[in-house]
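>
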Amino acid sequence: MSQTITIDPVTRIEGHAKISIQVDDAGAVTDAKFHVTQFRGFEKFVEGRPMTEMPAITARICGICPVSHLMASSKTVDDLMAVEIPPTGAELRRLMNYAQFVQSHALSFFHLSSPDFVLGLDSNPAKRNVWGLIGANPAMAKDGVLLRKFGQNIIEILGGKRVHPAWTVGGGVNEPLTAEKRDEILRTIPQAMDIIQRTLPWFKKVFEGFNDEIASFANFPTLFLSLVHEDETLSFYDGFLRITDAEGNIVVDKHDPKRYGEIIAEAVEDHSFLKSPYYKPMGYPEGIYRVGPLARLNNCKTTGTPLADKELLEYRSRLSHPVQSSFHYHYARLIEILHGIEKINEILLNPTILNTRVRARARVNRNEGVGVSEAPRGTLIHHYKVDDFGRMTWANLIVSTGHNSLAMNKGVLQVAKKFVNGKKIQEGMLNRVEAVIRCYDPCLSCSTHAYGQMPMDVEIADRSGRVLDRVTRD
Amino acid sequence: MAATPVSTEVVTLKLNDRDVSATRGQTILEVAREQGMEIPTLCFLEGLTPWGACRLCMIELKGSPKLLPACTTKAAEGMEIVLDSDRLKKYRKMILELLFAERNHVCAVCVSNGRCELQDLAQKNGVTHVRFPYRYAKYEVDSTHDLFRLDHNRCIMCTRCVRVCHEIEGAHVWDLKGRGIETEVVADNNLPWGQSESCTRCGKCIHACPVGALVEKTTAVNEMKKRSGFLPYLTTMRENRP
Ligand code: SF4
Ligand code: FES
């Protein structure tokens, strides 16, 4: 008789994610699934709305990465308008996007993951959170807060005081940058630079103590998908789609993001509302791929900025290229923060950033549009259809966390196989399942609001639903 | 051409215990605003005939069992009027909440966010949440016009568009169809706006509309800036008053 262990985060935002682990009679793990319930009914919800509203609407459906949705959605509206946006408008969007990367990666690394590194995976979960971090390593906690503030401050300066900036619109951005605002941002760069440059060496020392986790944290061959610039440098906003395989061979290159449908198909599985995309030519589920920091660093030739390039070289010499263990998402994330700060500096030092032509105006000129951008968690695809008057008739979003869903299932399974034994639930297993999910920094409210610890409700039940064991952790 | 004769007959009345004088023919709203006293309004727009539809400007008149709209009630000798009793505040708040519940006002993604009369009034009158169930009725967006857009989801039936088009522009594109809660603004006997032959594309209705219902196309969230101040000027010029 097979049994199911269910790990249910009991957060204020109920029912967003759940993990169930199947065990056989002997207590050996046979399968694991990460359940997600997001974006239900989204297409219906936007039906009939003007396309110009889409950036604002999609920015609201996700409270964690509103800027990423703003980018992909604005690019989709650009496409529907069939306009080329002014170069300064595009550069200002990139600027905000880099800031979003820095703040989001800082949240993921410092607030959510670093308690695991500083306090250890088996430390008391009640203390293994950002408060525990403040006690154990106050300087690091402070760095995290400051770095996040650096990114958020830029977003606020560009987009106004609102939480959800309304500054990026179809056709570009709705306000040019002033010299005062530019200088205000420039003044904050040295501190951010200092923080990331002391965090990287620290982390490089620390992760050596996590060999078990590196070996078992979603460490398996998959494909990797990301955008890459034409010159093969790291891209967060534009360029082409590239897919590489587990040996580092380029499988797909220079693929127009608008034609994503030729290489990506989506499987709907009944355990999750999140569709599971896969690489079409390889079929489902063999076409499993990963996105996000790990994929981006595996896919690009260089980052395109000097300091991050130096780090990338070291990253590749320390770990075999391409990097397979999802544990290294954290390392990759830090390199991307460094790159982001360098880019912000570079963009601001170019005098053309103050140009005032930042928006192209047009009405609907196409009935179908696609916008692809990189979000901190990975490639983000928006695809809309509109009627002749620019009203939405259809929408499809492939979110970063969605791309990773197959890999997350596989990662949870791998960890479960190693750490779950028998019908009893051990705390160490919970910690590791939670940590493996955190590598992907999934864009789910439940994974971020809990500040260092995912509240979980774990159940082992048999097929008839009889509960054999249960552990609740708030 | 001789100027329209202006009444010089003066009446005296009390507004919130303050003795004020007014010219016969002036409305309570006009007198109050002259005195710098606040009465919330929505369907009223200076330069257009008062309509008395939204009931936000209700006031209490001593001796009258019912509340009266300040925008259509004329000042008369000896009136004793209260502009802001607890009862009035309670009703105003309720009216605003009902307006929100009636259609789909999603401020966060609306082009008029931050510059909306309904939103402003809700804030000023302490509407923190809506106690009535939302109707979630399905309404269309009419995007067929080349320049403008009508989003029925945001309409509050103030008829400012109807009046400005009829009284100022003289085109009379807009009318109302249906009854009660089913009432909707229609162009040219219920045609898609883009097919209207009477519309002169002047844009007056856009700027008269207090909310995000009538807006310019190509605007994104927060971007619609309305300028209704042109109306008193046009009316004054047309009536050739000093
Ligand atoms: S469209 Fe605007 S002006 Fe016309 S009735 Fe509706 S809210 Fe009033
Ligand atoms: S303003 Fe008087 S009833 Fe609307």
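So the sequences go chain by chain: W and E.
Just so it is clear: in the first sequence, position 158 is 158 by our numbering, and no numbers are missing.
Just so it is clear: in the second sequence, position 11 is 485 by our numbering, and no numbers are missing.
The C-beta atom is built at its ideal place from N, Cα and C for all residues, glycine as well.
1) In three-state terms, what does DSSP make of Arg182 of chain W?
2) 9 Å is my cut-off, CB to CB: does Ala582 of chain E come that close to chain W?
3) According to the neighbour-count rule (16 or more other Cβ atoms, all chains shown, within 10 Å of its Cβ), is Arg12 of chain W buried or exposed?
4) Confirm, please, whether the CB-CB distance from His382 of chain W to Lys475 of chain W is below 9 Å.
5) Using a Cβ-Cβ cut-off of 9 Å, state whether Arg577 of chain E counts as contacting chain W.
6) Run through DSSP, which three-state label would Cys446 of chain W get?
7) For chain W, is any of its Cβ atoms less than 9 Å away from the one on Arg628 of chain E?
8) Is the region 114-123 of chain W touching the region 202-217 of chain W in the sense that three or more CB pairs, one from each, lie closer than 8 Å?
9) I'd like the span of the alpha helix (DSSP H) that includes Met71 of chain W, first residue to last.
10) What whole-angstrom Cβ distance do Thr88 of chain W and Arg316 of chain W have, given they're in contact under 8 Å?
11) Should Ala375 of chain W be flagged as near chain E, meaning a C-beta pair shorter than 9 Å?
12) As an exercise, report each continuous alpha helix (DSSP H) stretch of at least 4 residues that is fully enclosed by the region 102-139 of chain W, in chain order.
13) With 16 other CB atoms within 10 Å as the buried threshold, where does Trp167 of chain W fall?
14) To the nearest angstrom, report how far apart Met568 of chain E and Arg609 of chain E are at their CA atoms.
15) At 7 Å on the CB atoms, spell out the chain W contacts of Arg609 of chain E, in chain order.
16) Using beta carbons (cut-off 9 Å, strictly below), is Thr52 of chain W in contact with chain E?
17) To which residues does DSSP link Ala661 of chain E through a beta bridge?
18) Buried or exposed, going by whether 16 or more other CB atoms sit within 10 Å of the CB of Ile398 of chain W?
19) Look up His403 of chain W in the DSSP assignment and say whether it is helix, strand or coil.
20) Assuming contact is defined by CB atoms lying nearer than 9 Å, are Cys65 of chain W and Ser104 of chain W in contact in what I supplied?
21) Is it a yes or a no for the region 543-558 of chain E touching the region 500-508 of chain E, going by three-plus beta-carbon pairs under 8 Å?
22) With Thr244 of chain W and Ala407 of chain W assumed to form a contact (beta carbons below 8 Å), what rounded beta-carbon distance in angstroms separates them?
23) Counting only Cβ pairs nearer than 8 Å, list the residues of chain W close to Arg623 of chain E.
24) What residues match up with Met484 of chain W in a beta bridge as DSSP calls it?
25) So, Lys691 of chain E versus Gly390 of chain W, is the Cβ gap smaller than 9 Å?
26) Which residue comes first and which comes last in the beta strand (DSSP E) that contains Asp493 of chain E?
27) In the DSSP assignment, find the unbroken alpha helix (DSSP H) run with His339 of chain W in it and report its ends.
28) Using the C-alpha atoms, what's the distance from Pro524 of chain E back to Phe39 of chain W?
29) Look at Gln100 of chain W and Pro376 of chain W and say whether their C-beta atoms are less than 9 Å apart.
30) Tell me which residue opens and which closes the beta strand (DSSP E) that Tyr279 of chain W is part of.
31) My guess is that Val252 of chain W and Leu294 of chain W are in contact by the Cβ rule of under 8 Å, so how many angstroms apart are they, rounded?
32) Measuring only from the beta carbon, is Cys531 of chain E closer than 8 Å to any heavy atom that is part of the ligand FES?
33) Using alpha carbons as the reference points, say which of E:Ala550, E:Pro666 and E:Asp491 lies closest to Glu483 of chain E.
34) Beta-carbon within less than 6 Å of Pro257 of chain W's beta-carbon, same chain only, minus the 5 sequence neighbours each way: which residues are those?
35) Tell me which residue opens and which closes the alpha helix (DSSP H) that Met568 of chain E is part of.
36) According to a CB-to-CB cut-off of less than 7 Å, which residues of the region 588-619 of chain E neighbour chain W?
On the basis of the data shown:
1) The answer is helix: DSSP assigns Arg182 of chain W an H, G or I state.
2) Closer than 9 Å: yes.
3) Caution applies to Arg12 of chain W, whose pLDDT of 26 falls short of 50 and renders its modelled position unreliable; the model cannot decide the point.
4) Residue 475 of chain W lies beyond the range of chain W shown here (1 to 474); nothing can be said about it.
5) No, Arg577 of chain E does not count as interfacial toward chain W.
6) Annotation note: pLDDT 35 at Cys446 of chain W (below 50); position unreliable, no value reported.
7) Not closer than 9 Å to any Cβ of chain W, the Cβ of Arg628 of chain E fails to qualify, so no.
8) A contact is defined here as three or more CB-CB pairs under 8 Å, and the region 202-217 of chain W meets this definition with respect to the region 114-123 of chain W.
9) Judged by DSSP secondary structure, Met71 of chain W falls within the alpha helix (DSSP H) whose first and last residues are Pro66 to Met81.
10) Rounded to whole angstroms, the Cβ separation of Thr88 of chain W and Arg316 of chain W is 34 Å, and the two are not in contact under 8 Å.
11) Not closer than 9 Å to any Cβ of chain E, the Cβ of Ala375 of chain W fails to qualify, so no.
12) Given a length threshold of 4 residues, each whole run of the alpha helix (DSSP H) inside the region 102-139 of chain W is given here in chain order: 114-119 and 130-136.
13) Here Trp167 of chain W is buried, its C-beta having at least 16 other C-beta atoms within 10 Å.
14) Rounded to the nearest angstrom, the two C-alpha atoms are 16 Å apart.
15) Per Cβ cutoff of 7 Å: no residues; Arg609 of chain E is ~16 Å from chain W at best.
16) The beta carbon of Thr52 of chain W falls within 9 Å of a beta carbon belonging to chain E, placing the residue at that interface.
17) Bridge partners of Ala661 of chain E: E:Trp648 and E:Leu665.
18) Taking all protein chains in view, the Cβ of Ile398 of chain W is crowded by 16 or more other Cβ atoms within 10 Å, so the residue is classified as buried.
19) Residue state for His403 of chain W is assigned as helix, using DSSP reduced to three classes.
20) Going by C-beta atoms, Cys65 of chain W is nearer than 9 Å to Ser104 of chain W.
21) Using a C-beta cut-off of 8 Å, the region 543-558 of chain E makes contact with the region 500-508 of chain E, since at least three inter-stretch Cβ pairs fall below that distance.
22) The pair is not a contact, with the Cβ atoms about 14 Å apart (cut-off 8 Å).
23) Ordered by position in chain W, the residues that pass the 8 Å Cβ test against Arg623 of chain E are Pro50.
24) The question about residue 484 of chain W has no answer, for chain W in this structure spans 1 to 474.
25) Cβ atoms of Lys691 of chain E and Gly390 of chain W: closer than 9 Å.
26) Counted as a single uninterrupted DSSP element, the beta strand (DSSP E) harbouring Asp493 of chain E occupies residues Arg492 to Thr497.
27) Where His339 of chain W is concerned, the enclosing alpha helix (DSSP H) starts and stops at Tyr329 to Leu349.
28) Unreliable positioning characterises Phe39 of chain W in this predicted model, as indicated by a pLDDT of 49, which lies under 50. The coordinate reading is nonetheless provided below. Approximately 46 Å between the Cα atoms of the pair.
29) Yes, they are a contact pair.
30) Note, Tyr279 of chain W: beta strand (DSSP E), Ser276 to Tyr279.
31) Contact between Val252 of chain W and Leu294 of chain W does not hold, since their C-beta atoms are separated by about 17 Å, which reaches or exceeds 8 Å.
32) Checking every heavy atom of the ligand FES against the Cβ of Cys531 of chain E, one is found closer than 8 Å.
33) The residue with the shortest Cα to Cα distance from Glu483 of chain E is E:Ala550.
34) Leu241 and Val372, listed in sequence order.
35) Counting along the chain, the alpha helix (DSSP H) containing Met568 of chain E begins and ends at Asp560 to Glu576.
36) Taking 7 Å as the Cβ-Cβ cut-off against chain W, the residues of the region 588-619 of chain E that qualify are Glu614, Val615, Ser617 and Thr618.
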